[in-house]
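Peer 1: In my numbering, the protein residues as written are 458 to 742. Glycine included, C-beta positions come from ideal geometry on N, C-alpha and C. None of these values were measured; they are calculated from a predicted model.
Spelled out as structure tokens, the structure:
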């Protein structure tokens with residue numbers, strides 16, 4: 458089995474599009490189609506159904522998807538262990554559930570290099586999947602997420618929460634009848650509950666799943682959004698953004714989740730102090 462075929466299958470399944478899969482893999486759409494045909498030929502089964510609404514998994518494709526993910530994860534473990542044995546280098550796959558914590562992954566990578574020596578880290582910025590499931594399937598060794606790992610053998614380490622405040626491009630109060638357009642960054646169930654309770658009578662919400670992009674959009678287009686205070690502290694100080702008067706702030710939980718029995722558990726234990734240190738440094742009180 459050519460692993461490129463499974464990687465291509467996974468890309469199409471994840472994106473729901475041959476075109477977007479080609480962009481993700483940096484190959485042509487024709488190459489994606491050719492690989493999928495080759496895989497379907499080897500399995501003697503149609504893996505995708507193509508229609509006006511896009512590309513979706515067939516019954517056979519849905520059955521193959523978790524098996525393909527596990528096969529690719531197993532190969533990563535095998536190839537990684539061989540590499541560690543002969544080059545004395547360690548690899549750690551770290552991810553996060555929400556876009557607001559991408560910068561924390563960068564800080565952890567720098568801390569790891571400076572404290573533990575040069576270390577090749579795989580940083581996962583894909584926020585579409587459930588991060589805890591990725592750790593459970595050993596696709597990731599460690600993730601930062603907004604929820605605890607309940608009912609599993611995974612370990613959960615609390616991190617300092619993110620303080621979330623409502624900001625706008627102009628001075629205003631939550632009681633104003635003409636509040637700016639609310640930009641919803643979709644930062645998990647706790648965030649959804651807090652924002653829907655306060656803004657349930659407001660309309661015209663614009664949904665963005667990338668908070669960094671959303672803040673840039675907010676400053677350029679105008680509007681208001683609940684943001685981690687640390688991400689907008691400079692903008693608030695420079696009066697580019699303004700905290701909405703009377704709006705209730707809240708804390709967003711943050712946890713590190715890992716498998717204490719996983720193949721990289723020893724290395725995870727080494728970087729956990731750095732993760733806690735980086736999280737504390739970025740938390741505003």
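Can you tell which of 596, 589 and 595 has its C-alpha closest to the C-alpha of residue 605?
Peer 2: Stepping through the chain shown from its first residue, residue 605 is reached at position 148. Taking only the C-alpha atoms, the option nearest residue 605 is 589.
Peer 1: Determine contact between the stretch 619-630 and the stretch 691-702, defined as no fewer than three beta-carbon pairs at a distance below 8 Å.
Peer 2: In short, these stretches touch, since the Cβ pair count reaches three.
Peer 1: Going along the chain, which residues of its own chain have a beta-carbon closer than 7 Å to the beta-carbon of residue 469, five neighbours each way excluded?
Peer 2: Mapped onto the chain shown, residue 469 falls at position 12. Closer than 7 Å at the Cβ level, and outside the excluded window around residue 469, lie 475, 478, 489, 493, 505 and 512.
Peer 1: Tell me which residue opens and which closes the alpha helix (DSSP H) that residue 671 is part of.
Peer 2: Numbered from its first residue, the chain shown carries residue 671 at position 214. Start and end: 668-678.
Peer 1: Does the Cβ-Cβ distance between residue 746 and residue 706 come in under 9 Å?
Peer 2: Beyond the ends of the chain as shown, which are 458 and 742, falls residue 746; an answer cannot be given.
Peer 1: Is the number of C-beta pairs between the stretch 609-617 and the stretch 635-642 that are closer than 8 Å three or more?
Peer 2: no
Peer 1: Can you check the stretch 551-622 for any beta strand (DSSP E) of at least 3 residues that lies completely inside it and give the ranges in chain order?
Peer 2: 578-581 and 599-602
Peer 1: So, does the stretch 708-720 touch the stretch 669-678, judging by three or more C-beta pairs under 8 Å?
Peer 2: no
Peer 1: Would you check if the stretch 559-572 and the stretch 514-521 touch, i.e. whether three or more CB-CB distances between them fall below 8 Å?
Peer 2: no
Peer 1: Residue 555 to residue 697, Cα distance in whole Å?
Peer 2: As a position in the chain shown, residue 555 is number 98, starting the count at 1. As a position in the chain shown, residue 697 is number 240, starting the count at 1. Approximately 24 Å between the Cα atoms of the pair.
Peer 1: With burial defined as no fewer than 16 other Cβ atoms inside 10 Å of the residue's Cβ, what is the status of residue 526: buried or exposed?
Peer 2: Taking the first residue of the chain shown as position 1, residue 526 is located at position 69. Under this definition residue 526 is a buried residue.
Peer 1: Is the separation between the beta-carbon of residue 724 and that of residue 549 shorter than 9 Å?
Peer 2: As a working note, residue 724 is residue 267 in the chain shown. As a working note, residue 549 is residue 92 in the chain shown. In contact: residue 724 and residue 549 (Cβ atoms closer than 9 Å).
Peer 1: Quick one: grab the DSSP three-state call for residue 466.
Peer 2: For the purposes of this step, residue 466 is taken as the residue at position 9 of the chain shown. Three-state result, residue 466: helix.
Peer 1: Let me know the secondary structure DSSP gives residue 518 once reduced to three states.
Peer 2: Stepping through the chain shown from its first residue, residue 518 is reached at position 61. It is helical.
Peer 1: Could you compute how far the alpha carbon of residue 708 sits from the alpha carbon of residue 561?
Peer 2: Locating residue 708 in the chain shown gives position 251, where the first residue counts as 1. Locating residue 561 in the chain shown gives position 104, where the first residue counts as 1. Spanning the two alpha carbons is a distance of roughly 17 Å.
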